[in-house]
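Novice:
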Amino acid sequence: RGGAADDVVEEAVTTADGTDVEVAANVGTPQELAPAAERGADGVGLFRTEFLFIERDDAPDEDEQYEAYRDAIETFPDGRVVVRTLDVGGDKPVPYLDLPEEENPFLGERGIRRSLGPDADLFETQLRALLRADADTDAGSLAVMLPLVTTVEEVEAARGVLEGVVDDLAAEGVNATMPEFGVMIETPAAALMADVLVEHVDFFSIGTNDLAQYVMAAERGNDAVSELGDFRQPAVLRAIDATTTAAAGTDVWVGMCGEMAGDPRLTELLVGLGLRELSMSALTVPDVKARVSETTLEDAEALAEHALAAADRDEIIELLEQS
Ligand code: PEP
Ligand code: MG
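Numbers 242 to 564, taken from UniProt numbering, label the letters of the sequence shown in order.
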């Protein structure tokens, strides 16, 4: 797995019959930016910003964040950097934030719920830093993505905060503009409401780590239920399909940034399901680019159609082995 360094494909790829599929990297620390570019990632499909906030005694200020975001955008002058706003709670503790003791932290105050609630100030600071970094970089582009969305009200509330920050910065003389704005689809609610959410965003990015956990009620990382939480469960494929179907025929693009996107054995299926951006560990970028180039949209869509009709995981595994 991972391919040799000489397998790196620098340019953007299409399927054998010409459909563009962006292959991007997931980045969780600044040290991962340069290797992602070296391995041919077209951009960053998930910039996890938690690294700025964890393992320290207080929150990073706006300028510290600005530097980190600017570096990320500058690393991909021809690409897009999708920055996910702070996603704490659940499995992602931060001592100084005074996160509540919860019986079910995965079902509690996490992700966008905190950003619109107890961490509203942090959210605004983060957005200011992001928009300033975007304004100060000539090349490359910023997209802002919300984690753990479940309702359209959350999306609209967050958009309101973002627009307020654009206005504030403009009043301060910063040339801030509204960035691309999207949401992670990582809850069943978001997948089921994708046809409504699609009116409120520029893109969806499917977070299969959480989506599989919540769709299957099987905790991520719990080995005892790992077969249930497998991405190849038909219910997970149907949640993905609901998302891409809702966006089909609109200008909203659909990507995937969960671990599922980085498995080259699943690339054809994902392209067939309608994903047009796949974001993964930089290690697998060359292999996934190779798989995209080998497949045709026609074959991919036929595979997806069969997989969506499968009754169980074994049937899907068999289909994947035959393809
Ligand atoms: C996901 O849930 O699939 C995802 C990409 O986010 P994280 O793994 O950071 O929760
Ligand atoms: Mg997640």
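Yeah, the Cβ is synthetic: ideal placement off N, Cα and C, and Gly gets one too.
Please determine if the segment 533-545 and the segment 507-523 are in contact, where contact requires at least 3 C-beta pairs separated by less than 8 Å.
Specialist: The answer is yes - the segment 507-523 touches the segment 533-545, with three or more Cβ pairs under 8 Å.
Novice: Put residue 451 into one of helix, strand or coil per three-state DSSP.
Specialist: Residue state, collapsed to three classes: helix.
Novice: In angstroms with no decimal places, state the Cα-to-Cα distance between residue 272 and residue 422.
Specialist: So the alpha carbons of these two residues sit roughly 25 Å apart.
Novice: Would you mind listing the beta strand (DSSP E) stretches within the segment 411-478 that are 3+ residues and don't spill past its ends, in chain order?
Specialist: The qualifying runs are 421-426 and 444-447.
Novice: Suppose you measure from the CA of residue 244 to the CA of residue 527; what does that come to, to the nearest Å?
Specialist: Per-residue confidence for residue 244 stands at a pLDDT of 48, beneath the threshold of 50, marking its modelled position as unreliable; the derived number appears in the next sentence. Roughly 7 Å separates the two Cα atoms.
Novice: What separation, rounded to the nearest whole angstrom, lies between the Cα atoms of residue 319 and residue 537?
Specialist: Each residue's Cα considered, the two are about 26 Å apart.
Novice: Specify which residues have a beta carbon nearer than 5 Å to any heavy atom of the ligand MG, listing them in chain order.
Specialist: Answer in sequence order: 427, 448 and 451.
Novice: Looking only at its chain, what residues have a beta carbon closer than 7 Å to the beta carbon of residue 466, apart from the 5 residues adjacent to it on each side?
Specialist: Closer than 7 Å at the Cβ level, and outside the excluded window around residue 466, lie 459 and 460.
Novice: So residue 288 and residue 329 are in contact, right, with Cβ under 8 Å, and what is the actual spacing, rounded?
Specialist: Residue 288 to residue 329, Cβ: 15 Å. No contact.
Novice: Is the CB-CB distance between residue 383 and residue 424 below 8 Å?
Specialist: Not in contact: residue 383 and residue 424 (Cβ atoms no closer than 8 Å).
Novice: Based on the DSSP secondary-structure assignment, which residues constitute the bridge partners of residue 288?
Specialist: Answer by DSSP bridge pairing, in chain order: 268 and 324.
Novice: What does residue 382 pair with, by DSSP beta-bridge criteria?
Specialist: 321.
Novice: Relative to the alpha-carbon of residue 251, which residue among 276, 498, 309 and 418 has its alpha-carbon at the smallest distance?
Specialist: With distances taken between Cα atoms, residue 251 lies closest to 276.
Novice: Measuring only the C-alpha atoms, how far is residue 311 from residue 358?
Specialist: The alpha-carbon atoms of residue 311 and residue 358 are separated by roughly 27 Å.
Novice: Can you find at least 3 beta carbon pairs, one from the segment 479-491 and one from the segment 428-436, that sit closer than 8 Å?
Specialist: The segment 479-491 vs the segment 428-436: in contact.
Novice: Assuming the contact rule is C-beta atoms closer than 8 Å, residue 265 and residue 282 should be a hit. Round their C-beta distance to whole Å, please.
Specialist: Yes, residue 265 and residue 282 are in contact; Cβ-Cβ is about 5 Å, under 8 Å.
Novice: Where does the unbroken beta strand (DSSP E) through residue 520 begin, and where does it stop?
Specialist: Segment 518-521, the beta strand (DSSP E) holding residue 520.
Novice: Considering only C-alpha positions, which residue in the set 259, 429 and 326 is nearest to residue 367?
Specialist: Taking only the C-alpha atoms, the option nearest residue 367 is 326.
Novice: I'd like to know if the segment 300-309 and the segment 253-270 are in contact, where contact means that at least 3 CB-CB pairs between them fall below 8 Å.
Specialist: No, they do not touch.
Novice: If you draw a straight line from the C-alpha of residue 456 to the C-alpha of residue 468, how long is it?
Specialist: Looking at the two C-alpha atoms, the distance is approximately 13 Å.
Novice: With distance defined between alpha-carbon atoms, name the residue in 297, 450, 380 and 547 nearest to residue 429.
Specialist: Closest option to residue 429, Cα to Cα, is 450.
Novice: Kindly confirm or deny that the segment 547-562 and the segment 332-351 touch, where touching means at least three C-beta pairs closer than 8 Å.
Specialist: Result no; under three Cβ-Cβ pairs closer than 8 Å.
Novice: Smallest Cα separation from residue 364: which of 341, 377 and 404?
Specialist: Closest option to residue 364, Cα to Cα, is 404.
Novice: I'd like to confirm the pairing. Which residues does DSSP put opposite residue 495 in its beta bridges?
Specialist: Answer by DSSP bridge pairing, in chain order: 445.
Novice: Hey, could you find the ends of the alpha helix (DSSP H) residue 513 is sitting in?
Specialist: Start and end: 508-514.
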